[in-house]
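A quick write-up on the structure given underneath.
Numbering (the working numbering), first residue to last: 2 to 208.
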């Protein structure tokens, strides 16, 4: 007679789930030390204590592993941006909090993200991930720009989507090449506020 889990009890992860996670964690560890091009399937399989042939039961390529890691980061990349993107006016404090959280993520996962961005032009799955991430940020920032202009809180200028795209491209390029992402935050706050608000007076919070 089989014993079923009691009410409220949850089954633990299956062996397959644990192996998949082990592959992902191995990839994350290796990417912190060397570029994707230098990582082999054999290394990923060894990290999960499985054979090379077994690896393909979970992922069809090392690119698929990276895409899975990136999708796991997608929520984190925009996690602290809500107060800034849903706010209004030149809110320096909200922008600073958003950029600081993003800088911390770049410090921790920068090799993975930068490697994916570099490989995206020649890799449709990575290009799709980047395009989706960019589009989501541009849409929300463009909506903020439109609201601020309609309320007289920001000057007219380039079309909101164009301007939002420039901001997104600027910060991505800056973080992707930074040895110390957190050291960029002050400069990015200044530049982004200037791009969005021009000569409008920007209140500076006491820190």
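Every residue gets a Cβ at the ideal spot worked out from N, C-alpha and C, and that includes glycine.
Every value quoted in this text rests on a predicted model; they were computed, and no experiment measured them.
Local conformation of residue 178 per DSSP, three classes: coil
Cβ atoms of residue 117 and residue 130: under 8 Å apart, would you say? yes
6 Å Cβ shell around residue 84 - same chain, five flanking residues per side excluded: 95
Rounded to the nearest angstrom, how far is the Cβ of residue 45 from that of residue 66, given a contact under 8 Å? 6 Å
Best match in 76, 42, 97 for proximity to residue 192 [C-alpha to C-alpha]: 97
Where does residue 126 fall in DSSP's three states? helix
Are residue 89 and residue 149 close, meaning C-beta to C-beta below 8 Å? yes
8 Å is my cut-off, CB to CB: does residue 178 come that close to chain B? Of the protein chains in this structure there is only one, and it is not chain B.
Can you tell me which of 63, 152, 122, 157 puts its alpha carbon nearest to the alpha carbon of residue 27? 63
For the alpha helix (DSSP H) containing residue 84, name the first residue and the last one. 83–86
By a C-beta neighbour count over all protein chains shown, 10 Å radius and 16 as the cutoff for buried, is residue 168 buried or exposed? buried
May I have a chain-ordered list of the alpha helix (DSSP H) segments no shorter than 4 residues that lie completely inside the region 12–98? 16–32, 42–48, 53–59, 63–78, 83–86
Quick one: is residue 186 buried, meaning 16 or more other Cβ sit within 10 Å of its Cβ, or exposed? buried
Measure the beta-carbon distance from residue 32 to residue 141 and round it to whole angstroms, keeping in mind my assumption that it falls under 8 Å. That belief does not hold up - the Cβ atoms of residue 32 and residue 141 are roughly 28 Å apart, past 8 Å.
Going by other Cβ atoms of all chains shown within 10 Å of its Cβ, with 16 needed for buried, is residue 190 buried or exposed? buried
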